[in-house]
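Chemist: Just so we're aligned: 1237 in this note's numbering is position 63 of the sequence shown, and the numbers increase by one with no gaps anywhere.
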Amino acid sequence: MRRGLDLPLAEISWRATTSGGPGGQHANRTLSRVEVQFDVERSVTLGPRQRARLLDRLGPTVRASASESRSQARNRQLALERLAAKLNAGLRDQARRRATRPTKSSQVRRVEQKRHRAQTKRTRRAPRPDED
């Protein structure tokens, strides 16, 4: 059984917008920021388990965007990589936590630290009237 996911580009929609921030005329007119979107609910590539897992963890649509580069092609590549990373993280099995007991030495250390801290706080108190 193969792990992973091969998505056809036909299932990924993308749009380009002007990038935010300073940059003058070039940044104001160039559609260099890219946002890619994958619709989990409508995908024919996903199996039922994959779809259920992605819906549970990431929701019905997964989006990623990039605006670091001045090049739309480079931002599109970055956005696709980020989308792939999100989908892979959403499909990854999470390791089950195994319950463990604290070691004897860690219990002793904890109690010693508590005792030391209590002693420090006791020495900071104002003396009681009967102790004079």
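We put the CB at the ideal spot given by N, CA and C, even for glycine.
Within the same chain, show all residues whose beta-carbon is closer than 8 angstroms to that of Q1293, passing over the 5 residues directly before and after it, in chain order.
Modeler: For Q1293, where only same-chain residues beyond five positions count, there are no Cβ hits under 8 angstroms.
Chemist: Checking 9 angstroms against the spacing of the C-beta atoms, do Q1246 and V1208 come in under that value?
Modeler: Their beta carbons are under 9 angstroms apart, which means Q1246 touches V1208 by this criterion.
Chemist: What are the boundary residues of the alpha helix (DSSP H) that includes D1230?
Modeler: Element bounds for D1230: 1222-1232.
Chemist: Assuming L1232 contacts V1214 (C-beta within less than 8 angstroms), just tell me the rounded distance between them.
Modeler: At roughly 7 angstroms, the Cβ-Cβ gap stays under 8 angstroms, so L1232 and V1214 are in contact.
Chemist: Taking buried to mean at least 16 other C-beta atoms within 10 Å of its own C-beta, is L1261 buried or exposed?
Modeler: Buried.
Chemist: Out of curiosity, what's the CA-to-CA distance linking E1185 and S1279?
Modeler: If you take the alpha carbons of E1185 and S1279, they lie about 56 angstroms apart.
Chemist: Based on Cα-Cα distance, which residue from R1227, P1234, R1216, E1255 lies nearest to A1240?
Modeler: For A1240, the nearest C-alpha among the options comes from E1255.
Chemist: Where do the ends of the beta strand (DSSP E) carrying T1191 lie?
Modeler: Per DSSP, T1191 belongs to the beta strand (DSSP E) from 1186-1191.
Chemist: Going by C-alpha distance, which of T1297, L1220, T1191 is nearest E1242?
Modeler: Measuring from the Cα of E1242, the nearest candidate turns out to be T1191.
Chemist: Enumerated in chain order, which unbroken segments of the alpha helix (DSSP H) with a length of 4 residues or greater are wholly contained in the stretch 1212-1293?
Modeler: The qualifying runs are 1222-1232, 1246-1265.
Chemist: A1238 and A1253 look like a contact to me (Cβ under 8 angstroms); what is the Cβ gap, rounded to whole Å?
Modeler: Contact holds; Cβ gap of about 5 angstroms.
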